[in-house]
Amino acid sequence: MNAPTFSRFKQLAEQQSAHIKRSFTDADLEQWRQLAEMDQSPESVPEPLIAGLFSYLLGMELPGKGTNYLKQSMTFLQPALANEALTATVRISRLRPDKALVNLETTCTGEQDRLICRGEALVLFQC
-14 MNAPTFSRFK QLAEQQSAHI KRSFTDADLE QWRQLAEMDQ SPESVPEPLI
36 AGLFSYLLGM ELPGKGTNYL KQSMTFLQPA LANEALTATV RISRLRPDKA
86 LVNLETTCTG EQDRLICRGE ALVLFQC
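In the numbering used here, the protein residues as written are -14 to 112.
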(Lines of atoms letter the chains of each structure in order from A and count residues from 1; the text may use other names and numbers.)
(Lines give C-alpha, C1' and ligand atoms only; values in the text may rest on other atoms or scores of the structure.)
Protein backbone atom coordinates (compact mmCIF):
# COMPACT_ATOMS: atom_id res chain seq x y z
CA MET A 1 0.00 0.00 0.00
CA ASN A 2 1.34 3.44 -0.90
CA ALA A 3 1.89 6.01 1.83
CA PRO A 4 -0.35 9.09 1.60
CA THR A 5 1.41 12.18 0.31
CA PHE A 6 1.15 15.11 2.69
CA SER A 7 3.46 17.94 1.62
CA ARG A 8 3.94 19.48 5.08
CA PHE A 9 4.48 16.05 6.65
CA LYS A 10 7.42 15.53 4.29
CA GLN A 11 9.09 18.64 5.75
CA LEU A 12 9.30 17.03 9.19
CA ALA A 13 12.47 15.25 10.33
CA GLU A 14 13.40 13.10 13.30
CA GLN A 15 15.17 15.07 16.05
CA GLN A 16 13.52 18.31 14.85
CA SER A 17 12.43 20.29 17.90
CA ALA A 18 10.59 23.38 19.08
CA HIS A 19 10.44 25.06 22.47
CA ILE A 20 8.70 27.82 24.36
CA LYS A 21 9.85 29.73 27.43
CA ARG A 22 7.26 30.84 29.98
CA SER A 23 6.91 31.61 33.65
CA PHE A 24 3.68 31.56 35.62
CA THR A 25 3.34 34.46 38.02
CA ASP A 26 1.57 34.51 41.36
CA ALA A 27 -1.25 36.35 39.55
CA ASP A 28 -1.48 33.51 37.00
CA LEU A 29 -1.77 30.98 39.84
CA GLU A 30 -4.43 33.10 41.52
CA GLN A 31 -6.41 33.22 38.28
CA TRP A 32 -6.04 29.43 37.98
CA ARG A 33 -7.31 29.07 41.57
CA GLN A 34 -10.40 31.10 40.74
CA LEU A 35 -11.14 29.18 37.53
CA ALA A 36 -10.65 25.85 39.30
CA GLU A 37 -12.80 27.06 42.21
CA MET A 38 -10.08 26.15 44.72
CA ASP A 39 -10.07 27.52 48.25
CA GLN A 40 -6.42 28.56 48.16
CA SER A 41 -3.78 29.17 45.52
CA PRO A 42 -1.59 26.21 44.57
CA GLU A 43 1.91 26.15 46.05
CA SER A 44 3.43 25.28 42.67
CA VAL A 45 2.44 25.54 39.00
CA PRO A 46 -0.47 23.15 38.36
CA GLU A 47 0.37 20.30 35.99
CA PRO A 48 -2.39 21.22 33.48
CA LEU A 49 -0.73 24.61 32.91
CA ILE A 50 2.52 22.87 32.00
CA ALA A 51 0.65 20.39 29.77
CA GLY A 52 -0.87 23.41 28.02
CA LEU A 53 2.62 24.48 26.93
CA PHE A 54 3.01 21.18 25.07
CA SER A 55 -0.43 21.56 23.54
CA TYR A 56 0.57 25.00 22.23
CA LEU A 57 3.84 23.70 20.79
CA LEU A 58 2.22 20.73 19.03
CA GLY A 59 -0.67 22.73 17.60
CA MET A 60 1.17 25.90 16.61
CA GLU A 61 4.88 25.11 16.18
CA LEU A 62 5.79 21.45 15.62
CA PRO A 63 4.19 19.84 13.73
CA GLY A 64 1.90 22.90 13.75
CA LYS A 65 -1.53 23.80 12.45
CA GLY A 66 -3.47 20.76 11.33
CA THR A 67 -2.20 18.59 14.18
CA ASN A 68 -4.65 16.20 15.82
CA TYR A 69 -3.55 15.38 19.36
CA LEU A 70 -4.03 11.64 19.93
CA LYS A 71 -2.37 11.01 23.28
CA GLN A 72 0.18 12.28 25.74
CA SER A 73 1.86 10.84 28.81
CA MET A 74 3.83 12.89 31.33
CA THR A 75 5.77 12.05 34.45
CA PHE A 76 6.25 14.94 36.85
CA LEU A 77 9.52 14.68 38.74
CA GLN A 78 9.56 18.00 40.62
CA PRO A 79 7.18 20.90 41.09
CA ALA A 80 7.53 24.03 38.97
CA LEU A 81 7.65 27.13 41.13
CA ALA A 82 5.75 30.36 40.63
CA ASN A 83 7.81 32.92 38.70
CA GLU A 84 10.32 30.23 37.65
CA ALA A 85 11.51 30.40 34.05
CA LEU A 86 10.27 27.21 32.37
CA THR A 87 11.25 25.80 29.00
CA ALA A 88 8.91 23.28 27.36
CA THR A 89 10.39 21.33 24.44
CA VAL A 90 8.97 18.85 21.94
CA ARG A 91 11.30 16.73 19.78
CA ILE A 92 10.29 14.37 17.00
CA SER A 93 11.37 10.85 17.92
CA ARG A 94 9.64 8.89 15.15
CA LEU A 95 7.83 9.60 11.89
CA ARG A 96 5.32 7.13 10.44
CA PRO A 97 4.48 8.48 6.98
CA ASP A 98 2.25 5.51 6.10
CA LYS A 99 -0.19 6.64 8.80
CA ALA A 100 0.76 10.35 9.06
CA LEU A 101 1.70 9.80 12.70
CA VAL A 102 4.39 11.68 14.61
CA ASN A 103 5.83 10.54 17.95
CA LEU A 104 7.46 13.23 20.06
CA GLU A 105 9.44 13.39 23.28
CA THR A 106 8.29 16.14 25.62
CA THR A 107 10.29 17.78 28.41
CA CYS A 108 9.88 20.77 30.66
CA THR A 109 12.84 22.19 32.51
CA GLY A 110 13.07 24.89 35.12
CA GLU A 111 15.91 27.17 36.08
CA GLN A 112 19.40 25.64 35.98
CA ASP A 113 18.01 22.90 33.68
CA ARG A 114 16.06 21.33 36.54
CA LEU A 115 13.88 18.59 34.97
CA ILE A 116 10.24 19.24 35.88
CA CYS A 117 8.59 16.61 33.68
CA ARG A 118 9.17 14.37 30.71
CA GLY A 119 6.91 12.32 28.53
CA GLU A 120 5.72 11.42 25.07
CA ALA A 121 3.06 12.61 22.67
CA LEU A 122 1.47 11.05 19.61
CA VAL A 123 -0.14 13.23 16.95
CA LEU A 124 -1.77 12.77 13.58
CA PHE A 125 -0.52 15.27 11.01
CA GLN A 126 -2.33 14.95 7.67
CA CYS A 127 -1.04 18.11 6.04
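All residues carry an ideal CB built from backbone N, CA and C; glycine is no exception.
Pairing residue 3 with residue 57 gives a Cβ-Cβ distance that is not under 8 Å. Fewer than three beta-carbon pairs drawn from the segment 88 to 100 and the segment 14 to 29 are found closer than 8 Å, and the two stretches are therefore not classed as touching. Straight-line spacing of the CA atoms in residue 102 and residue -8 works out to 33 Å.
Contact between residue 10 and residue 67 holds, with the beta-carbon distance rounding to 7 Å and staying under 8 Å.
Boundaries of the beta strand (DSSP E) around residue 86: 86 to 94. Taking a contact as a CB-CB distance under 8 Å, the pair residue 85 and residue -6 counts as one, their CB atoms being some 6 Å apart.
Secondary structure in the segment 42 to 107: no alpha helix (DSSP H) run of 4 residues or longer lies completely within the stretch. Residue 51 and residue 12 have their C-alpha atoms spaced approximately 32 Å apart.
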